[in-house]
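Peer 1:
The structure is reproduced here in structure tokens:
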């Protein structure tokens, strides 16, 4: 891994749901162009962590820094206040999010799903947005589905459209929240192939996943979480095969069966 | 005669027999209920024929004479005008109240809840009379500081005519009723949709007008059609404050010529017509906003070769990385 200044830094992130502590002070730095896979048992806080980055979950303590700038809050003297909602929306544009359940807009065609935000948020012309969207749909192999509605597509195709929709806003970092967990087994491969091709083109990505073989294949770094904490991090080889942590060894012996 | 168990036992050994049975065509089960329902329909038809057509008390010639009469048409126009204006205004109030009730600000939520509570509790008749006789409560309306000076004032009776009282009463009523329908439409939309809108940075306005709103319309169309069709008939309540719409006109006419049933029939025929138009509008809305939820069944769509899709898909998913 290179030693460039991190593009994203999570510092001492804490998050509570009622009395349940979901994140207990998480620190992670992400180098530009790197692929980080976050793994761990369910309930370990990995999805919550990903969602705090683009503000889908409000954090209770700590902070997220993007290129050295604090995201979501601003310092006023001895305390912080949340940024204005407009500023928060602008900050979100640095991140593209791909959800476990795709969350395509069911009332809009594939093309409209991809172009809605570029037109209404970035102010692109309809024509240029459609041209760019067509290129992205080609990249995920779905240009022939552009006039279909999401419910006419398979799960794998919907997720690939969702990736195109995220890419259309030209985010600096892509966040994947278990992108293949809701898919039938035979559809997982096509989605992972798209993600891998993005990784090879140098996109900065954070991927929460259960696909250990995939993580070992594409990740520059694997972060292992358990009970709201990072318990292990390093190269895939290091973390998956030579973990020093008892909890991590248990986890990997159960998921890396083959 | 074999017992069922014996038959089963024999079948298990006799593959040929069960195969022959398996290939028999399936036909609908003979149904007595089906024939009974047809007999019932015929019976109802003749009862209806006797009751409506061969019943001189309806006085159909008179019904048709009044159906397009000058006064009835004026009343009908008043009903349509009142319904359109109060529906537009009422739905606007409803959206505002629903928005307030979903607001993160507790004060707005409480205000909206109180409004809905009062409207639900108050009979429309009472609401209309209260507004019409508002002058008895406040002789003049204006903007100013309570208990303090007033910046602008007009006598209440100049503002509250029969028409404005009717419009105000009906739209405040529809506002309270439709607010809950709007709110149900919003909360019926999947949370993931809101998250996806936030993730791509859509403004709240775009989120509601392009993504959440259209999805809600699909859900709220049937209950909202109920409310609006009820409005046609609720407009007849404004007769208590002397505004002459369709039903009041019919009442005024039969008060002088005593043809009660024929004139009520005239009104009912027009209400049926208006309701049919509204229901047609409802089915158009459902079709328009059902897109993306119901699978398309056009023949053309079905004929699309699926193989082409498969090969294209495999070109990008060819790197088997699992």
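Protein chains in written order, with our numbering: chain A, 966 to 1223; chain B, 171 to 492. We put the CB at the ideal spot given by N, CA and C, even for glycine.
Measure the alpha-carbon distance for residue 422 of chain B versus residue 1081 of chain A and round it to whole angstroms.
Peer 2: The straight-line gap from Cα to Cα measures roughly 56 Å.
Peer 1: On the three-pair Cβ rule with 8 Å, is the segment 1001-1013 of chain A touching the segment 1025-1045 of chain A?
Peer 2: Cβ pair count under 8 Å is below three, so no.
Peer 1: In terms of DSSP beta bridges, what is residue 1039 of chain A paired with?
Peer 2: The partner list for residue 1039 of chain A (beta bridge, DSSP) reads A:1046.
Peer 1: As a quick exercise: from A:1141, A:985 and A:974, pick the residue whose alpha carbon is nearest that of residue 1168 of chain A.
Peer 2: Checking every option, the nearest Cα to that of residue 1168 of chain A belongs to A:1141.
Peer 1: Taking the alpha helix (DSSP H) that residue 356 of chain B falls in, what are its first and last residues?
Peer 2: Looking at the DSSP string, the run of the alpha helix (DSSP H) that includes residue 356 of chain B is 332-357.
Peer 1: Residue 1122 of chain A lies in the alpha helix (DSSP H); which residues open and close that run?
Peer 2: Taken as a continuous stretch (DSSP letters only), the alpha helix (DSSP H) holding residue 1122 of chain A covers 1120-1133.
Peer 1: Quick one: any contact between the segment 232-239 of chain B and the segment 322-337 of chain B, if contact means 3 or more CB pairs under 8 Å?
Peer 2: The answer is no - the segment 322-337 of chain B does not touch the segment 232-239 of chain B, with fewer than three Cβ pairs under 8 Å.
Peer 1: For residue 1130 of chain A and residue 1078 of chain A, what's the separation of their Cα atoms in angstroms?
Peer 2: In a straight line, the C-alpha of residue 1130 of chain A is about 6 Å away from that of residue 1078 of chain A.
Peer 1: Alpha carbon to alpha carbon, what distance is there between residue 331 of chain B and residue 339 of chain B?
Peer 2: Distance between the alpha carbons of residue 339 of chain B and residue 331 of chain B: 12 Å.
Peer 1: For residue 1170 of chain A, list the residues DSSP reports as bridge partners.
Peer 2: In the DSSP output, where bridge partners are listed per residue, residue 1170 of chain A has A:1000 and A:1139.
Peer 1: Using 8 Å as the threshold, is the segment 403-416 of chain B in touch with the segment 296-307 of chain B, meaning 3 or more CB pairs across them?
Peer 2: Segments in contact, yes.
Peer 1: Report the neighbours of residue 456 of chain B on chain A: residues whose CB is nearer than 7 Å to its CB, in chain order.
Peer 2: Neighbours of residue 456 of chain B on chain A: none; closest Cβ ~13 Å, over 7 Å.
Peer 1: Okay, do the segment 221-232 of chain B and the segment 422-441 of chain B touch, 3+ Cβ pairs below 8 Å being the bar?
Peer 2: Yes, since at least three Cβ pairs between the segment 221-232 of chain B and the segment 422-441 of chain B fall closer than 8 Å, the two stretches touch.
Peer 1: Check whether the segment 1200-1210 of chain A and the segment 1170-1183 of chain A are in contact - that is, three or more C-beta pairs closer than 8 Å.
Peer 2: As far as the Cβ criterion goes, the segment 1200-1210 of chain A touches the segment 1170-1183 of chain A, which means the pair count is three or higher.
Peer 1: List the residues of chain B that residue 1082 of chain A touches, going by C-beta distances under 7 Å, in chain order.
Peer 2: Within 7 Å Cβ-Cβ: 370, 371 and 372.
Peer 1: Based on DSSP bridge pairs, tell me the residues matched to residue 1028 of chain A.
Peer 2: Answer is A:976.
Peer 1: Going along the chain, which residues of its own chain have a beta-carbon closer than 6 Å to the beta-carbon of residue 1155 of chain A, five neighbours each way excluded?
Peer 2: The residues are 1121.
Peer 1: Secondary structure at residue 1214 of chain A, three-state DSSP: helix, strand or coil?
Peer 2: Here residue 1214 of chain A sits in helix by DSSP.
Peer 1: Taking Cβ-Cβ distances shorter than 8 Å, what residues in chain B pair up with residue 1201 of chain A?
Peer 2: Per Cβ cutoff of 8 Å: no residues; residue 1201 of chain A is ~14 Å from chain B at best.
Peer 1: Going by DSSP in three states, residue 1204 of chain A sits in which element: helix, strand or coil?
Peer 2: Looking at residue 1204 of chain A - three-state DSSP - the assignment turns out to be helix.
Peer 1: Using a Cβ-Cβ cut-off of 7 Å (strictly less than) and excluding sequence neighbours within five positions of residue 278 of chain B, which residues of its own chain qualify?
Peer 2: These residues qualify, in order along the chain: 270.
Peer 1: Could you name the residues of the same chain whose beta carbon sits closer than 8 Å to that of residue 264 of chain B, not counting the 5 residues immediately before and after it, in chain order?
Peer 2: The answer, listed in chain order, is 344, 345, 346, 347, 348, 349, 351 and 352.
Peer 1: Only counting runs of 4 or more residues, tell me where the alpha helix (DSSP H) segments fall wholly within the segment 175-257 of chain B, in order along the chain.
Peer 2: 185-192, 202-218 and 230-237, all fully within the segment 175-257 of chain B.
Peer 1: Taking the alpha-carbon of residue 998 of chain A as reference, which of A:1161, A:1145, A:1123 and A:1095 has the nearest alpha-carbon?
Peer 2: Of the candidates A:1161, A:1145, A:1123 and A:1095, the one whose C-alpha sits nearest the C-alpha of residue 998 of chain A is A:1161.
Peer 1: Rounded to a whole number of angstroms, what is the C-alpha to C-alpha distance between residue 312 of chain B and residue 377 of chain B?
Peer 2: Taking the straight line joining both Cα atoms gives about 37 Å.
Peer 1: Can you confirm whether residue 268 of chain B, when its beta carbon is compared against all beta carbons of chain A, has any partner nearer than 8 Å?
Peer 2: It does not: the Cβ of residue 268 of chain B has no partner Cβ on chain A nearer than 8 Å.
Peer 1: Can a CB atom of chain A be found closer than 8 Å to the CB of residue 385 of chain B?
Peer 2: Cβ-Cβ to chain A under 8 Å: yes for residue 385 of chain B.
Peer 1: Determine, for residue 1174 of chain A, whether the minimum Cβ-Cβ distance to residues of chain B falls below 8 Å.
Peer 2: With 8 Å as the cut-off, residue 1174 of chain A does not count as an interface residue toward chain B.
Peer 1: For the segment 347-367 of chain B, enumerate the residues whose C-beta is nearer than 7 Å to any C-beta of chain A, in chain order.
Peer 2: Cβ contacts with chain A: 362, 363, 365 and 366.
Peer 1: Are the beta-carbon atoms of residue 1014 of chain A and residue 978 of chain A separated by less than 8 Å?
Peer 2: Cβ atoms of residue 1014 of chain A and residue 978 of chain A: closer than 8 Å.
Peer 1: Can you check whether the CB of residue 1210 of chain A is closer than 8 Å to the CB of residue 1196 of chain A?
Peer 2: In this structure, residue 1210 of chain A lies closer than 8 Å to residue 1196 of chain A by Cβ.
Peer 1: By the three-class DSSP mapping on this structure, what secondary structure does residue 315 of chain B have?
Peer 2: In this structure, residue 315 of chain B counts as coil in the three-state DSSP scheme.
Peer 1: Check whether the Cβ atoms of residue 1125 of chain A and residue 1107 of chain A sit closer than 8 Å, and answer yes or no.
Peer 2: Cβ atoms of residue 1125 of chain A and residue 1107 of chain A: closer than 8 Å.
Peer 1: Hey, residue 975 of chain A and residue 1029 of chain A: beta-carbon distance below 8 Å or not?
Peer 2: Yes, the Cβ-Cβ distance between residue 975 of chain A and residue 1029 of chain A is below 8 Å.
Peer 1: Any Cβ of chain A within less than 8 Å of the Cβ of residue 489 of chain B?
Peer 2: Low confidence applies to residue 489 of chain B: its pLDDT is 40, below 50, so where it sits in the model is not reliable, and the reading given next is rough at best. Yes, contact with chain A.
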